[in-house]
Each structure stands twice: as C-alpha cells, then as structure tokens.
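**Q** Using mature numbering (1 follows the signal peptide of the UniProt record, and there is no 0), the letters of the sequence shown map in sequence onto residues -25 to -1, 1 to 155.
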Amino acid sequence: MKKLVLAGAVLGATVVSLLGTPALAHHQGSSHDGHHAMHAGAERAPSTVKGSDKLRVQDCWIRLLPKVAPSGGFFVLHNEDKAEPVVLKGLHTDAFGMTMLHETTEKNGMSAMAMVPDVTIEPGQTLSFKPGSYHAMLEKPEAGLKAGQEITVNFELGTGKKIPVQCVLKSPSARTFSDQ
Ligand SMILES: [Cu+2]
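#1: Are Asp28 and Lys136 closer than 7 Å when you measure CB to CB?
#2: What are the start and end residues of each continuous beta strand (DSSP E) run of 3 or more residues lying completely inside the stretch 113 to 153, in chain order?
#3: Indicate, with yes or no, if ligand 1 has a heavy atom lying under 6 Å from the CB of Met85.
#4: Any idea if Lys105 is buried or exposed, counting beta-carbon neighbours within 10 angstroms, 16 or more meaning buried?
#5: Between Thr79, Lys25, Ser108 and Arg38, which lies nearest to Lys145 when the distance is taken from Cα to Cα?
#6: If contacts are defined as beta-carbon pairs under 8 Å, then Glu125 and Met73 qualify, I think. What distance do you get, rounded to the angstrom?
#7: According to the neighbour-count rule (16 or more other Cβ atoms, all chains shown, within 10 Å of its Cβ), is residue 162 buried or exposed?
#8: Tell me Leu30's beta-bridge partners as DSSP assigns them.
#9: Between Met73 and ligand 1, is the CB less than 6 Å from at least one heavy atom?
#10: In the DSSP assignment, what residue or residues form a beta bridge with Gly65?
#11: What do you reckon, are the CB atoms on residue 156 and Thr95 nearer than 7 Å?
#12: Please list, in chain order, all residues of the same chain as Pro60 whose beta carbon is under 8 Å from its beta carbon, the five residues on each side excluded.
#13: By DSSP's criteria, Ser46 is part of a beta bridge. Which residues make up the other side?
#14: Is Thr95 helix, strand or coil by DSSP?
#15: To the nearest angstrom, how far is the alpha carbon of Phe71 from that of Arg150?
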C-alpha cells in the first residue's frame, strides 16, 4: 500500500512541468482528444461477471480542475471476498454530470489512454487507481465545488449494488491522497 502511494508521488513529480495546461493534467501528459480518438471502436466488451459486493474503498480523492478540464479520481479498491472477484462498473455522483473509468498504458514508450467499461479486482486483491494507471475521469462539475470539500461518490458494482464513498476534492497540484 505505502509503496503504491510512493510510486504515485514519484510519477507525479516527473510531470509537474506539464501542469501549466489544465487539460493535460488529469492523465498527466497525453492529450485527451488524442486518447478519445484512439480508443474509438477499440473498446473491449463489458464483463458479464456479477461478482461480489465486498468492496472496500480507501483514500478516495479527486483532483479538481477548472470547469473546462476533466478532473481525475483516485482511490484504492480492496476486494475483501476471498472467493469471488469484484467488478466495478462505474462511479456516479451528483457533483459531476459525467464520469468514466480510464486506463493509462505504455505502448512503445508512449503513454496512451483508453476508456474501460469496467474494472475487475481479483479475490482478496487490492487495486490502486492512481496517476499514470487506472483513474476515473469526472466532467461537468456542479457550480461552487472547492478543494478541501468532501463529496459522496457511489461506486457501482456488477451486482448492481452502489457503495457510497466520501471523496475529498483536492487542488490541481495534488499527486497523492496525502497532498492538499
Ligand atoms: Cu483519462
């Protein structure tokens, strides 16, 4: 756990110079238009597995960016079921009009982004959504959101269950849950 958080901090530190452009900041470095064009038509089929309800979400935070740019959502997912996977289908919150699940991957030394229809956490495993890896993308923020505020985000599972989680809004310079 601690290692993952530190890795995120190191990744974040390498891209600080890119952050003058808010539109680039949610996935740190690659153009959003580029990745939307790239994944068009190439998206994998959604999982048909319902899985377990035993998801615990830890350290949820959102890097709040100005209205025109998508904000990144990060958290740690623990599957506390020893036998069944947990399938995360998506996030829903009143504070943002649209949310998506994204994955950043390395291809030939280039960072590429793709939308994913769901994310599976294997039995007993932990998966971190963090800068440079899986992340949520949140668009269309409601008026008046501020760093430091907490919002409720519902994590929707393959079973249909929605797990409400308190997520902290943080400034554009935040790189890990422990940042402001
Ligand atoms: Cu993204």
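Quick reminder that beta carbons are idealized off the backbone N, C-alpha and C, glycines included.
**A** With the structure as the only source:
#1: In contact: Asp28 and Lys136 (Cβ atoms closer than 7 Å).
#2: List check, beta strand (DSSP E) in window: 125 to 132 and 137 to 145.
#3: Ligand 1 never approaches Met85 closely enough for any of its heavy atoms to be under 6 Å from the residue's Cβ.
#4: Buried, because 16 or more other Cβ atoms sit within 10 Å of the Cβ of Lys105.
#5: Among Thr79, Lys25, Ser108 and Arg38, the Cα nearest to that of Lys145 belongs to Arg38.
#6: Contact flag wrong, Cβ pair sits at about 20 Å.
#7: Given that the chain is displayed from residue -25 to residue 155, the structure contains no residue 162 and the question cannot be resolved.
#8: DSSP lists Asn54 as the beta-bridge partner residues of Leu30.
#9: It does not: the Cβ of Met73 is nowhere closer than 6 Å to a heavy atom of ligand 1.
#10: BP columns for Gly65 point to Glu131.
#11: Residue 156 lies beyond the residue range present for the chain, which begins at -25 and ends at 155; the question has no answer from this structure.
#12: If we look at Pro60 and ignore the five residues flanking it on each side, its Cβ neighbours are Val24, Gly26, Ser27, Asn54, Thr95, Ile96, Glu97 and Pro98.
#13: Answer is Leu113, bridged to Ser46.
#14: Correct three-state label for Thr95: strand.
#15: Those two C-alpha atoms are separated by around 21 Å.
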